[in-house]
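To start, the structure under review is shown below, and the notes come after it.
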Amino acid sequence: MNADVTNDTRILVRVALYSLLVNACLVAIKLTLSFSTGSLSLAADAVHSFIDIIGSGALILGLIISQRKSSSFPYGMYKVENFVAVIIALLLFGTAYEIVYHALFSASEIHEFSGWVLVLVAALILVPFLFGRYEIRMGTQFNSPSLIADGKNFTADVLASTVVFFGLLGQYMQFPVDRIAAIIVAILIVKAGWGILVNGMRVLLDASIDIQTLDTIRSTILQDPAVVGVRKIMGRNSGRYVFVEAEISLRATGLERAHQISQRVEREIKRAVPNVDHTILHYEPPDTTKVRYLVALSDHGGSISDHFGEAPYFAIVDIDVVPRQVKRTEVVANPHLKVEKGKGITVANFLVTFKPDIVVTREDLTGKGPGYVFADAGIETKRTDADYLGSFIQRSLEKL
Numbered sequence: 001m002n003a004d005v006t007n008d009t010r011i012l013v014r015v016a017l018y019s020l021l022v023n024a025c026l027v028a029i030k031l032t033l034s035f036s037t038g039s040l041s042l043a044a045d046a047v048h049s050f051i052d053i054i055g056s057g058a059l060i061l062g063l064i065i066s067q068r069k070s071s072s073f074p075y076g077m078y079k080v081e082n083f084v085a086v087i088i089a090l091l092l093f094g095t096a097y098e099i100v101y102h103a104l105f106s107a108s109e110i111h112e113f114s115g116w117v118l119v120l121v122a123a124l125i126l127v128p129f130l131f132g133r134y135e136i137r138m139g140t141q142f143n144s145p146s147l148i149a150d151g152k153n154f155t156a157d158v159l160a161s162t163v164v165f166f167g168l169l170g171q172y173m174q175f176p177v178d179r180i181a182a183i184i185v186a187i188l189i190v191k192a193g194w195g196i197l198v199n200g201m202r203v204l205l206d207a208s209i210d211i212q213t214l215d216t217i218r219s220t221i222l223q224d225p226a227v228v229g230v231r232k233i234m235g236r237n238s239g240r241y242v243f244v245e246a247e248i249s250l251r252a253t254g255l256e257r258a259h260q261i262s263q264r265v266e267r268e269i270k271r272a273v274p275n276v277d278h279t280i281l282h283y284e285p286p287d288t289t290k291v292r293y294l295v296a297l298s299d300h301g302g303s304i305s306d307h308f309g310e311a312p313y314f315a316i317v318d319i320d321v322v323p324r325q326v327k328r329t330e331v332v333a334n335p336h337l338k339v340e341k342g343k344g345i346t347v348a349n350f351l352v353t354f355k356p357d358i359v360v361t362r363e364d365l366t367g368k369g370p371g372y373v374f375a376d377a378g379i380e381t382k383r384t385d386a387d388y389l390g391s392f393i394q395r396s397l398e399k400l
């Protein structure tokens with residue numbers, strides 16, 4: 001197993017252990033206070049925290065199991081984390097039901113209590129707030145859905161504890177609002193649980209990853225000079241990892257070269273989206289019904305330049321092969337004319353971003369830096385003796 005993955009898991013398990021200890025302390029304090037005050041809402045909040053202890057235990061187990069490798073699970077057991085998140089959501093629903101049931105049907109005894117209880121309950125609000133933010137931050141950093149779910153659960157505790165505080169305040173001031181406060185706590189718990197359940201089930205049902213991540217992966221693939229286009233791209237989450245599958249058009253000569261390019265693209269994808277675990281690239285040759293030429297020009301009028309790096313302009317010419325028709329002609333300025341060292345290579349790297357099929361110049365680029373750049377991108381270089389762009393285009397059309 002990858003050392004970085006193992007280290008990440010240790011960190012996540014340690015945070016989950018902190019969660020269990022925090023919940024255990026909250027249960028002890030809330031139960032003690034509920035006995036002394038007779039508050040139904042405080043007792044319900046203690047039950048909520050007790051359920052959270054079970055959830056924290058399941059979280060630790062899920063984090064450990066999710067890293068196990070098996071021939072029966074070739075794609076890993078990462079979804080165990082999402083399954084744990086669903087369990088936490090169901091536990092929240094069960095907690096909410098118990099709270100509402102006791103609020104509606106149980107008899108409660110109102111005890112007198114001193115103001116220090118209110119101060120202590122108010123102080124308890126800070127505990128889930130601070131720890132919840134810490135846990136969500138760690139879960140986001142390591143892309144752990146179960147840790148994020150547990151952090152959101154603590155956020156629900158903040159709201160619930162706030163409602164409990166006001167319920168106790170009303171009880172202290174002789175206003176019978178404790179049952180109402182308990183029901184409000186239950187509603188907040190259900191709301192938090194529903195969000196966790198939806199996110200967990202989306203992953204378990206192999207829903208697509210978010211559009212923003214897909215766009216990042218698509219743009220990363222297209223940045224490779226040898227990639228002509230992305231025909232299809234799909235992705236799904238599995239635990240805190242992402243699996244990607246894409247169909248791409250490559251300009252490559254031979255399977256070995258295509259394989260090298262695909263490996264390069266995979267590395268760039270993992271650099272752009274660090275939580276990508278597995279990438280499958282299906283590569284196909286580019287569309288042969290269209291050809292894009294890039295022609296070095298010495299002026300904006302269409303004279304073909306004798307030099308590549310010194311050419312002030314380049315013409316982009318798109319030709320449809322079947323009808324032998326020019327679909328587009330555009331002239332772009334060379335932005336690197338003032339570069340003193342490595343001008344040819346710099347200009348070549350600029351031109352590959354236009355995804356040409358053939359680069360045309362009167363200068364022979366064989367064995368030169370720009371020639372190697374274009375060869376690496378699968379772009380053909382061609383010499384011409386034509387003096388003007390129009391003449392070159394006419395000859396190209398006649399050869400089709």
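So the sequence shown is residues 1 to 400, counted in my numbering.
All C-beta atoms, glycine included, are put in the ideal place defined by N, C-alpha and C.
Per DSSP, the unbroken beta strand (DSSP E) holding residue 234 starts and ends at 227-238.
If one requires a minimum length of 4 residues, the alpha helix (DSSP H) runs lying completely within the region 306-352 are 343-352, in chain order. Between the alpha carbons of residue 353 and residue 202 lies a distance of about 37 Å. As the crow flies, the alpha-carbon of residue 372 is around 14 Å from that of residue 309. About 15 Å separates the CB atoms of residue 158 and residue 167; that is not less than 8 Å, and the two are not in contact. 8 Å or more divides the Cβ of residue 209 from the Cβ of residue 230. Between residue 356 and residue 393, the CB-CB gap reaches or exceeds 8 Å. Linking residue 269 to residue 225 through their CA atoms gives a straight-line distance of about 14 Å. Taking a 10 Å sphere around the C-beta of residue 374, we find 16 or more other C-beta atoms and assign the residue as buried. Contact check between the region 259-274 and the region 291-308: fewer than three CB pairs, one atom from each, fall below 8 Å, which does not count as touching. Just so you know, the alpha carbons of residue 204 and residue 197 end up roughly 10 Å apart.
Residue pairing from DSSP leaves residue 368 without any beta-bridge partner. DSSP, reduced to helix, strand and coil, places residue 279 within a strand of the structure shown.
Approximately 16 Å separates the beta-carbon atoms of residue 222 and residue 235; this is outside 8 Å, ruling out the contact.
With contact defined as three or more Cβ pairs closer than 8 Å, the region 36-48 and the region 129-143 are not in contact.
Residue environment for residue 322: exposed (fewer than 16 other C-beta atoms within 10 angstroms of its C-beta).
Residue 179 has its alpha-carbon roughly 15 Å from the corresponding atom of residue 47. Judged by DSSP secondary structure, residue 363 falls outside any beta strand (DSSP E); it is assigned neither H nor E.
Within 10 angstroms of the beta-carbon of residue 295 lie 16 or more other beta-carbons, which makes it buried. In the structure shown, residue 218 falls within a helical segment according to DSSP collapsed to helix, strand and coil. By alpha-carbon distance to residue 182, the top candidate from 288, 34, 385 is 34.
Taking 4 residues as the minimum length, the alpha helix (DSSP H) runs contained wholly in the region 121-184 are 145-172, in order along the chain. Residue state for residue 56 is assigned as helix, using DSSP reduced to three classes.
In the displayed model, residue 399 falls within a helix according to three-state DSSP. 184 is the residue among 232, 184, 258 whose C-alpha sits nearest the C-alpha of residue 162. In the three-state scheme derived from DSSP, where H, G and I count as helix and E and B as strand, residue 355 is classed as coil. CA-CA distance, residue 297 to residue 384, rounds to 12 Å.
In summary, residue 289 is exposed, with fewer than 16 beta-carbon neighbours lying within 10 Å of its beta-carbon over all protein chains present. Of the residues assessed, residue 119 falls on the exposed side of the cut-off, its CB having fewer than 16 other CB atoms within 10 angstroms.
A residue is called buried once 16 or more other Cβ atoms fall within 10 Å of its Cβ, and residue 45 is buried on that count.
Under the criterion of beta carbons closer than 8 Å, residue 20 and residue 53 qualify as touching, at roughly 6 Å.
Residue 297 has 304, 313 as its beta-bridge partners, per DSSP. By the 16-neighbour rule on beta-carbons within 10 angstroms, residue 330 is exposed.
When the five nearest sequence neighbours on each side are left out, the beta carbons in the same chain lying within less than 7 Å of the beta carbon of residue 148 are those of 136, 139, 140, in order along the chain. Looking at the DSSP output, residue 243 sits in a beta bridge with 236, 278. 121 is the residue among 121, 388, 103, 195 whose C-alpha sits nearest the C-alpha of residue 169.
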